[in-house]
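**Q**
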Amino acid sequence: MSKIEVFENKYPQRDYMVTHVNEEFTSLCPKTGLPDFGIITIEYIPDLLCLELKALKYYFLEFRNQGIFYEAVVNQILDELVDACQPRYMEVLGEFSTRGGMYSTVSATYDPEGLNA
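The letter at position 77 of the sequence shown is residue 76 when you use numbering that gives the first Met the number 0, and the numbering goes up by one with no holes.
Structure follows, in structure tokens:
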């Protein structure tokens, strides 16, 4: 996978929410090999580090040729982004396009301090 780059948070004393939305996410269905399309939304409260957007874009492109279920996509993204920037809070939401008359939404949360409890 592409390296997830980070940069120093200039306001670590303050809790503030950052939202990044990728409206053109693609991966492959591991059963059929057909493309899956969706929107991935990342919301996080940074601690000492923030996610760098150009690297994040290239990170998402790595999924384009990967056969992976929706649940695995969302959880893998959460795990790898948390590892990269160690936020105070993060949620990853995947909203996947309709296929066969059904659409799917998957979310996963990292909340070690119980900020959204």
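No residue lacks a Cβ here, since even glycine has one placed at the ideal position from N, Cα and C.
By the DSSP assignment, the alpha helix (DSSP H) with F36 in it spans what residues?
**A** Within the sequence shown, numbered from 1, the residue matching residue 36 stands at position 37. Unbroken run through F36 is the beta strand (DSSP E), 34 to 44; no alpha helix (DSSP H).
**Q** Suppose you measure from the CA of M16 to the CA of Y88; what does that come to, to the nearest Å?
**A** Numbered from its first residue, the sequence shown carries residue 16 at position 17. Numbered from its first residue, the sequence shown carries residue 88 at position 89. Looking at the two C-alpha atoms, the distance is approximately 9 Å.
**Q** So F24 is in the beta strand (DSSP E); what residue range does that whole segment cover?
**A** Walking along the sequence shown from the start, residue 24 turns up at place 25. First-last of the beta strand (DSSP E) with F24: 17 to 27.
**Q** Taking the CB atoms as reference points, tell me whether L47 and Q85 lie closer together than 8 Å.
**A** To locate residue 47, count along the sequence shown from 1; it is residue 48. To locate residue 85, count along the sequence shown from 1; it is residue 86. Closer than 8 Å, so yes.
**Q** What is the C-beta distance between G93 and G37, in whole angstroms, given that I count them as a contact (C-beta under 8 Å)?
**A** Position 94 of the sequence shown, counted from the start, is the residue given in the question as residue 93. Position 38 of the sequence shown, counted from the start, is the residue given in the question as residue 37. Right, the Cβ-Cβ distance comes to about 5 Å (below 8 Å), so this counts as a contact.
**Q** May I have the straight-line CA-CA distance separating Y58 from L114, to the nearest angstrom?
**A** Along the sequence shown, one-based indexing puts residue 58 at 59. Along the sequence shown, one-based indexing puts residue 114 at 115. Between Y58 and L114, the C-alpha separation is close to 27 Å.
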